[in-house]
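The opening residue of the sequence shown carries number 288 in the working numbering; numbering runs sequentially from there.
Built from N, CA and C at the ideal position, the CB exists for glycine as well.
Right, one structure below, let's go through it.
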Amino acid sequence: MPASSNSEIPPILPPLSDQTVVYLPHLGLSTLNTDFKEQFGDVKFVCTGGSSTRMSEYAKFFSAMANVPSGGNLCNRTDRFVMFKTGPVLWANHGIGMPSASILLCELFKLLRLACCADVRFIRLGTCGGVDVKPGTVIISNGVVNAAMEKHKFVQWIQGKEVKRDALLDAQLGDDLFDTATEMHLPVDRGLTFCTDDFYEGQMRLDGPFCDYGEEDKLTFMRQLIRIGVKNIEMESTCFAALTHRAKFSAAICCVVLVNRMEKDTMGLKESVGEFEKRPFKIVSQFIMNKLNRSSRKDE
């Protein structure tokens with residue numbers, strides 16, 4: 288079931304009166320220092336990724352590509368995250384892992400609610416490990432798998448109790464990104480994304496400080512992932528899919544493979560990843576431009 292919605296953002300916050308002060312502490316924004324409707328009311332796309340430097344560069348590239356101003360970091364009152372706005376597109380980094388990503392997403396949801404935005408699409412752009420997938424290949428996720436090997440579920444602990452949420456992506460948005468990549472002749476594939484709670488043991492790496500398993504154990508596990516349809520591994524997808532679905536946003540994940548985990552665990556420091564890291568941006572930015580151009584023609 289897709290997580291998309293064609294209506295205004297649902298009231299994930301209680302009704303706000305003119306006297307209510309709303310804080311987004313990790314973004315450094317509040318209703319005291321920001322006119323959300325004026326500054327963010329036209330947002331239609333939210334692009335997130337782990338690295339602050341990478342998201343800053345993506346914003347600059349898109350600004351030049353779309354011929355729209357970029358401006359500075361909108362989160363300059365805090366050092367937790369960065370966020371840039373290029374026309375109707377927000378670019379923000381979510382850091383590494385689900386706890387950090389959940390903080391950014393929750394405060395972005397509040398921001399969009401305060402701005403009275405509608406029909407917003409979320410896209411995560413990132414890097415990942417491939418599971419028998421060649422480095423440089425972009426994976427458009429068609430589903431997520433949590434660390435317990437459960438498909439399409441995100442686990443939270445609330446009041447000491449386990450709570451499982453549906454973690455679903457928008458199939459049509461994923462299809463559109465895949466088609467865009469194909470038209471651009473970029474290496475692209477689709478499959479499930481395995482989301483882990485840590486980088487080393489949870490991903491069966493052999494080069495961490497702790498390692499209670501061997502090479503054959505790792506390969507056996509990788510083959511198990513292949514059998515259920517997993518193409519890549521990262522650390523944010525179940526959280527990203529669950530929260531956007533719960534908030535009724537259309538969402539997709541577009542990540543480039545940096546290393547084939549069937550062959551090795553980590554890229555050497557001398558290996559260039561610059562060109563690979565640009566591929567998700569190329570796909571997503573072209574998709575957004577296509578949407579904006581179509582919308583512009585309709586308005587003429």
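Contacting residues, own chain, Cβ-Cβ under 8 angstroms from residue 444 (five flanking each side not counted): Position 157 of the sequence shown, counted from the start, is the residue given in the question as residue 444. Taken in chain order, the residues that qualify are 450.
Three-state secondary structure (DSSP) of residue 357: The residue you call residue 357 lines up with position 70 of the sequence shown. Three-state result, residue 357: coil.
N-terminal and C-terminal residue of the beta strand (DSSP E) that residue 414 is part of: Here residue 414 corresponds to residue number 127 of the sequence shown, with the count starting at 1. Per DSSP, residue 414 belongs to the beta strand (DSSP E) from 408-417.
Proximity winner among 350, 384, 312, relative to residue 338 (alpha-carbon distances): Taking the first residue of the sequence shown as 1, we reach residue 338 at position 51. Checked all of 350, 384, 312; the closest Cα to residue 338 is 384.
Local Cβ density within 10 Å of residue 294, reported as buried at 16 or more and exposed below that: As a working note, residue 294 is residue 7 in the sequence shown. Note that residue 294 has pLDDT 47, beneath the 50 cutoff, so the model's placement of it is unreliable and the number below is only indicative. Counting Cβ neighbours within 10 Å, residue 294 comes out exposed, since fewer than 16 surround it.
6 angstroms Cβ shell around residue 491 - same chain, five flanking residues per side excluded: Working through the sequence shown from its first residue, we reach residue 491 at position 204. Correct list, in chain order: 505, 508.
Within 9 angstroms, strictly: CB atoms of residue 480 and residue 426: Residue mapping note: residue 480 aligns to position 193 of the sequence shown, counting from 1. Residue mapping note: residue 426 aligns to position 139 of the sequence shown, counting from 1. Cβ atoms of residue 480 and residue 426: closer than 9 angstroms.
Bridge-paired residues (DSSP) for residue 538: Taking the sequence shown and counting its residues from 1, the one referred to as residue 538 is at position 251. The partner list for residue 538 (beta bridge, DSSP) reads 409.
contact_flag[the segment 404-415, the segment 532-550] where n(CB pairs < 8 angstroms) is 3 or more: yes
Cβ pair residue 430, residue 439 closer than 9 angstroms: In the sequence shown, counting from the first residue as 1, residue 430 sits at position 143. In the sequence shown, counting from the first residue as 1, residue 439 sits at position 152. Contact: yes.
Contacts around residue 570, its chain only, beta-carbon distance under 7 angstroms, and the 5 residues preceding and following it disregarded: Within the sequence shown, the letter at position 283 stands for residue 570. Same-chain partners within the cutoff: 425, 464, 467, 468, 471, 473, 541.
Option nearest residue 314 by Cα separation, candidates 342, 354, 395: Here residue 314 refers to the residue found at position 27 of the sequence shown. Per the Cα distances, 395.
Between the CA atoms of residue 460 and residue 577 - distance to the nearest angstrom: Within the sequence shown, the letter at position 290 stands for residue 577. Within the sequence shown, the letter at position 173 stands for residue 460. If I take the Cα positions, the gap works out to 13 angstroms.
Rounded separation between residue 532 and residue 370 - CA only: Taking the sequence shown and counting its residues from 1, the one referred to as residue 532 is at position 245. Taking the sequence shown and counting its residues from 1, the one referred to as residue 370 is at position 83. The alpha-carbon atoms of residue 532 and residue 370 are separated by roughly 22 angstroms.
Contact set for residue 308: own chain, Cβ-Cβ below 8 angstroms, skip 5 residues either direction: Along the sequence shown, one-based indexing puts residue 308 at 21. Around residue 308: 317, 318, 319.
Segment limits, alpha helix (DSSP H) that includes residue 508: Along the sequence shown, read from residue 1 onward, the residue named residue 508 stands at position 221. Its alpha helix (DSSP H) spans residues 502-514.
Own chain residues within Cβ distance below 8 angstroms of residue 477, not counting five before or after: The residue you call residue 477 lines up with position 190 of the sequence shown. These residues qualify, in order along the chain: 426, 427, 428, 429, 461, 465, 518.
Residue 544 vs residue 482 beta-carbon contact at 9 angstroms: Position 257 of the sequence shown, counted from the start, is the residue given in the question as residue 544. Position 195 of the sequence shown, counted from the start, is the residue given in the question as residue 482. Going by C-beta atoms, residue 544 is not nearer than 9 angstroms to residue 482.
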